[in-house]
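Below is one structure, written out as structure tokens, with a few remarks after it.
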Amino acid sequence: MKKTLALILALVLFASLLVACGSGGEESKEESSQVSAVSEDESEVEEPSEEVSVYVPDIYSGNDYEGETFTVWTTYSTATNTSSIIPNEVGTYEENISEGCNIAIKQRNNMIFDTLGVTIDEIYYQSPTRYGTDTLSKIRNYISASDPSISAFACCLYDCGTLALEGSLYDLNSFEYFEPKNPWWQQYFNESVTLGGKLYFTIGDIDYNSYSRIPCVVYNDTLIKKLNLESPVKLAREGKWTIDKVIEYSKTFCEDTNDPEGVDLFDRFGWGGNHDDFYSMTYAAGIRILQNDKNGYPELSLYNEDTINYLNKYMEFAHEDTYVCVNDYFNISSNPGGLLYDAFQEGRCLMFGGSLRACTLLEMEDIFGIAPMPKADEHQEYYYSLLNTWTANAYGIGTNLDQAHAEFAAAILDVMGYYSWRENSGSFIQNYYDMALKGQKLQTEEAEEMLDLIFSVRGCEPGSIFQIGKYSVFTTVNELYVGLYTGRFDGFTSAYDRFSNGFENDVQHLVNKIKSLEE
Numbered sequence: 024m025k026k027t028l029a030l031i032l033a034l035v036l037f038a039s040l041l042v043a044c045g046s047g048g049e050e051s052k053e054e055s056s057q058v059s060a061v062s063e064d065e066s067e068v069e070e071p072s073e074e075v076s077v078y079v080p081d082i083y084s085g086n087d088y089e090g091e092t093f094t095v096w097t098t099y100s101t102a103t104n105t106s107s108i109i110p111n112e113v114g115t116y117e118e119n120i121s122e123g124c125n126i127a128i129k130q131r132n133n134m135i136f137d138t139l140g141v142t143i144d145e146i147y148y149q150s151p152t153r154y155g156t157d158t159l160s161k162i163r164n165y166i167s168a169s170d171p172s173i174s175a176f177a178c179c180l181y182d183c184g185t186l187a188l189e190g191s192l193y194d195l196n197s198f199e200y201f202e203p204k205n206p207w208w209q210q211y212f213n214e215s216v217t218l219g220g221k222l223y224f225t226i227g228d229i230d231y232n233s234y235s236r237i238p239c240v241v242y243n244d245t246l247i248k249k250l251n252l253e254s255p256v257k258l259a260r261e262g263k264w265t266i267d268k269v270i271e272y273s274k275t276f277c278e279d280t281n282d283p284e285g286v287d288l289f290d291r292f293g294w295g296g297n298h299d300d301f302y303s304m305t306y307a308a309g310i311r312i313l314q315n316d317k318n319g320y321p322e323l324s325l326y327n328e329d330t331i332n333y334l335n336k337y338m339e340f341a342h343e344d345t346y347v348c349v350n351d352y353f354n355i356s357s358n359p360g361g362l363l364y365d366a367f368q369e370g371r372c373l374m375f376g377g378s379l380r381a382c383t384l385l386e387m388e389d390i391f392g393i394a395p396m397p398k399a400d401e402h403q404e405y406y407y408s409l410l411n412t413w414t415a416n417a418y419g420i421g422t423n424l425d426q427a428h429a430e431f432a433a434a435i436l437d438v439m440g441y442y443s444w445r446e447n448s449g450s451f452i453q454n455y456y457d458m459a460l461k462g463q464k465l466q467t468e469e470a471e472e473m474l475d476l477i478f479s480v481r482g483c484e485p486g487s488i489f490q491i492g493k494y495s496v497f498t499t500v501n502e503l504y505v506g507l508y509t510g511r512f513d514g515f516t517s518a519y520d521r522f523s524n525g526f527e528n529d530v531q532h533l534v535n536k537i538k539s540l541e542e
């Protein structure tokens, strides 16, 4: 821990959270009077059987920043965006978060104002291109102008990587009042993006985006039972939900029901996929483009026997009749994903690779549920969940701030994370969990168990963030994956041999950039 908190202050903060998120003032007063009455007769008081421990948060709790405003600059591609920072207006958030989530945002910000005297604000910027170009120009303008009005940036992972390599983001490990190891920040993600021992951007309970954009397997539980298949929940719980099981299940539900000949999006099929599945499935199998060496610098880790075996198996699956890829249907619809939803809701698709947001859009009589993206095999320890590089935002503190303003920004960012944390009663992410569970018809305890598995090991692929292959051979690893499916490449080994020198060049360039930040 970087700092020693006064226990009394920590307990006051904790108590204020419980009061603000409680069920009502009158009930609280009544409970207090009962406790006082019992305490008057010490002979009736029973000693507790176990000592009750109170979590003491490692967050800033002083009054140095009273009267300050903490402003987050956020961006996405849509004209309006559901905010995780400030309360949303009615009619702008209901598709993505619940009323409880929106109330929790307001309560969190009010608690920060009441305890620290700091006002929370947000500036939203629409960027149709999502990353690069106009988005980077806007952020770079703030940086070059040393504009202190922006306390933190929440932008696309691609831009986070670019800004980090430009030296435009602070190392979050360097701040006195920011602790990246606090449980409201995603630890596996932080490990994924730590460069040379430095952490320039992060995700956590401060933002629902890092939950809703996580891929999962959405399956029709009613059909699973009719086919006499074991429940994916049971298999996932036992660590047996693997790519082999997905392939096996998929083959039990495949029928060509109409013209033209061959199984397509309008027949019955086992798996509905898209190109993003190639990234999320390989990540779920433990395959990584880059991993850090013993000194904390990235090195190419893609080519090995496990990768070859898995990709061969997955590509064979992707070319089966039972696998229907929506990217093949843009010639008949500008929104083939909507056609996949129709097929699933009509009971013509057994499973598809989706996200929790997809679950909130489904309306069907059959019972459906979710499971993690499958493991490569039963020996794999964790279910890994990939945060999509294009859709997800991460949080960083820019060098537009001087050291003093940056320390303020780091302190408040961590406090916001704490008050958003799922373990706090009535918090933003606790409410998000409740909303995600209500979108399903499975028993609540089963669905919640699956959410815990899906969310527990969330990370991203630095090889995607830094687009390894783009600069030396004009083909990224992600494009290589898709090329294996579309027939652009004959096989992984030959394609890798073709591009490996270029991949190595891009990795070395990345390492050189990281080391230059240390000078």
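Its first residue numbered 24, the sequence shown is counted upward by one per residue in the numbering used here.
Virtual Cβ for every residue (Gly too), placed ideally from N, Cα, C.
In DSSP terms, what residue i is bridged to
{"i": "L424", "result": "For L424, which the question treats as bridged, DSSP gives no partner whatsoever."}
{"i": "V347", "result": "G295"}
{"i": "Y147", "result": "T97"}
{"i": "T265", "result": "K398"}
{"i": "F176", "result": "W96 and G419"}
{"i": "I393", "result": "V241"}
{"i": "E278", "result": "R291"}
{"i": "G227", "result": "W208"}
{"i": "L192", "result": "G421"}
{"i": "S408", "result": "R481"}
{"i": "L218", "result": "K221"}
{"i": "T142", "result": "T92"}
Expected contact under 8 Å - CB spacing of residue i and residue j to nearest Å
{"i": "S150", "j": "S100", "result": "6 Å"}
{"i": "V241", "j": "I393", "result": "6 Å"}
{"i": "A434", "j": "Y83", "result": "4 Å"}
{"i": "N416", "j": "N232", "result": "6 Å"}
{"i": "Y165", "j": "A187", "result": "About 16 Å separates the two Cβ atoms, so there is no contact after all."}
{"i": "P485", "j": "G376", "result": "No, P485 and G376 are not in contact; Cβ-Cβ is about 22 Å, not under 8 Å."}
{"i": "G293", "j": "K274", "result": "6 Å"}
{"i": "N315", "j": "V349", "result": "The pair is not a contact, with the Cβ atoms about 35 Å apart (cut-off 8 Å)."}
{"i": "T158", "j": "D182", "result": "6 Å"}
{"i": "S160", "j": "T94", "result": "That belief does not hold up - the Cβ atoms of S160 and T94 are roughly 19 Å apart, past 8 Å."}
Status (buried if at least 16 other CB within 10 Å, exposed otherwise) for residue i
{"i": "Y326", "result": "exposed"}
{"i": "P80", "result": "buried"}
{"i": "P397", "result": "buried"}
{"i": "S539", "result": "exposed"}
{"i": "G47", "result": "Because G47 carries a pLDDT of 37, less than 50, the predicted location of this residue cannot be relied on, and no value is offered for it."}
{"i": "R371", "result": "buried"}
{"i": "Q453", "result": "buried"}
{"i": "A102", "result": "exposed"}
{"i": "D144", "result": "exposed"}
{"i": "E49", "result": "Any reading at E49 needs caution, since the residue's pLDDT is 33, under 50, leaving its predicted position unreliable; the model's value is listed next. That one is exposed."}
{"i": "T305", "result": "buried"}
{"i": "R131", "result": "buried"}
Endpoints, the beta strand (DSSP E) within which residue i is located
{"i": "T98", "result": "T92 to Y99"}
{"i": "C483", "result": "Taken as a continuous stretch (DSSP letters only), C483 belongs to no beta strand (DSSP E), as it is neither H nor E."}
{"i": "A187", "result": "Element bounds for A187: not the beta strand (DSSP E) but the alpha helix (DSSP H), L180 to L188."}
{"i": "A417", "result": "N416 to G419"}
{"i": "Q314", "result": "L313 to N315"}
{"i": "E322", "result": "P321 to L323"}
{"i": "S378", "result": "C372 to S378"}
Option nearest residue i by Cα separation, candidates the options
{"i": "A459", "options": "F136, R153 and Y234", "result": "Y234"}
{"i": "V530", "options": "V496, S408 and D389", "result": "V496"}
{"i": "M387", "options": "G377, A399 and A366", "result": "A366"}
{"i": "D329", "options": "Q130, T516 and Y418", "result": "T516"}
{"i": "E261", "options": "E472, S487 and N524", "result": "E472"}
{"i": "V480", "options": "P395, N281 and G361", "result": "P395"}
{"i": "V534", "options": "G85, S191 and T217", "result": "T217"}
{"i": "N318", "options": "D182, G140 and G219", "result": "G219"}
{"i": "A307", "options": "K249, G514, L334 and D290", "result": "L334"}
{"i": "E199", "options": "W264, G510 and Q426", "result": "Q426"}
{"i": "F111", "options": "S160, Y154 and F451", "result": "Per the sequence presented here, residue 111 reads as Asn, with Phe not at that position. Closest option to N111, Cα to Cα, is F451."}
{"i": "E541", "options": "G190, A470, S357 and T422", "result": "G190"}
{"i": "L323", "options": "V113, F522 and E117", "result": "F522"}
{"i": "I270", "options": "G295, F340 and C277", "result": "F340"}
{"i": "Y442", "options": "W96, G114, D137 and F489", "result": "D137"}
{"i": "E446", "options": "W208, Y116, R153 and E118", "result": "W208"}
{"i": "R300", "options": "T97, K536, L409 and Y455", "result": "Checking the displayed sequence, the identity of residue 300 turns out to be Asp instead of Arg. The residue with the shortest Cα to Cα distance from D300 is L409."}
{"i": "D344", "options": "I108, T498, S357 and T280", "result": "T280"}
{"i": "N544", "options": "I266, T265, R236 and Y272", "result": "Because the chain here runs from 24 to 542, residue 544 falls outside it and cannot be looked at."}
Extent of the continuous alpha helix (DSSP H) run through residue i
{"i": "F292", "result": "Per DSSP, F292 belongs to no alpha helix (DSSP H); it is in the beta strand (DSSP E), F292 to G296."}
{"i": "D157", "result": "T156 to S167"}
{"i": "Y242", "result": "Careful: Y242 lies outside any alpha helix (DSSP H), inside the beta strand (DSSP E) at P238 to N243."}
{"i": "V505", "result": "V500 to T509"}
{"i": "F353", "result": "Element bounds for F353: n/a, residue is neither H nor E."}
Near the ligand FAD: residue i beta-carbon under 7 Å from a heavy atom
{"i": "P359", "result": "Only the bare structure without any ligand can be found here, which leaves the ligand FAD out of the picture."}
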